């Protein structure tokens, strides 16, 4: 039985993008990250993640170099909402069958999930607040950060 490897393209290799990539890799995904900052790229454990491209993920040539047609999901996970929305728009034009995910950075931006080119949004501050509240009320198991080697 052939099992198709799922592919994820992540734009943004900072804390959120890097940890998301590591979690996806642990779940069996093949992950490609596009990160514009060379210092952030250096912090990405390439032996754990897969392919890391240095460049602007909203630049067509850079985006296409990541082979987006292989992606099952494209996630804009930079710390800039507008960049993440642009990534989703580019993905929806070039790879309409891929799911798109945009990281948002401020309260009130949840409505971006209703844009045609954004399938899902993630707001790390809100997600962290939910986990913190669960920990305070003791309704959740301890969340341990993944080991980075």
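Residue numbers (the working numbering): 612 to 760.
Each residue gets a CB set at the ideal place from its N, CA and C atoms; glycine is no exception.
Because the structure is a prediction, the values reported are computed rather than measured.
Nearest to residue 717 by C-alpha distance, out of 648, 735, 702 and 642, is 735. With a cutoff of 8 angstroms on beta-carbon distance, residue 712 and residue 684 are scored as near each other. Counting along the chain, the unbroken beta strand (DSSP E) around residue 619 starts and ends at 618-622. Per DSSP, the unbroken alpha helix (DSSP H) holding residue 629 starts and ends at 626-637. Residue range 649-653 is occupied by the alpha helix (DSSP H) that includes residue 650. Check the Cα spacing between residue 682 and each of 655, 621 and 629: the tightest is with 621.
Counting only runs of 4+ residues, the alpha helix (DSSP H) found wholly inside the region 684-729 occupies 692-705, in chain order.
Within the same chain, Cβ atoms closer than 7 angstroms to the Cβ of residue 627 are found at 688, 714 and 735, the five residues on either side in sequence being excluded.
Counting C-beta pairs with one atom in each stretch, the region 662-669 and the region 639-652 have three or more that are closer than 8 angstroms, which means they touch. Short of 6 angstroms from the beta carbon of residue 619, and not among the five residues preceding or following it, lie these beta carbons of its own chain, in chain order: 635, 640, 642 and 684.
Beyond the five residues adjoining it in sequence on each side, residue 710 comes within less than 8 angstroms, by CB distance, of 683, 684, 685, 730 and 731 in the same chain, given in chain order.
The C-beta distance from residue 674 to residue 696 rounds to 14 angstroms, too long to meet the 8 angstroms contact threshold. Residue burial annotation: residue 707 is exposed, with fewer than 16 other C-beta atoms found within 10 angstroms of its C-beta. The Cβ-Cβ distance between residue 699 and residue 658 does not fall below 8 angstroms.
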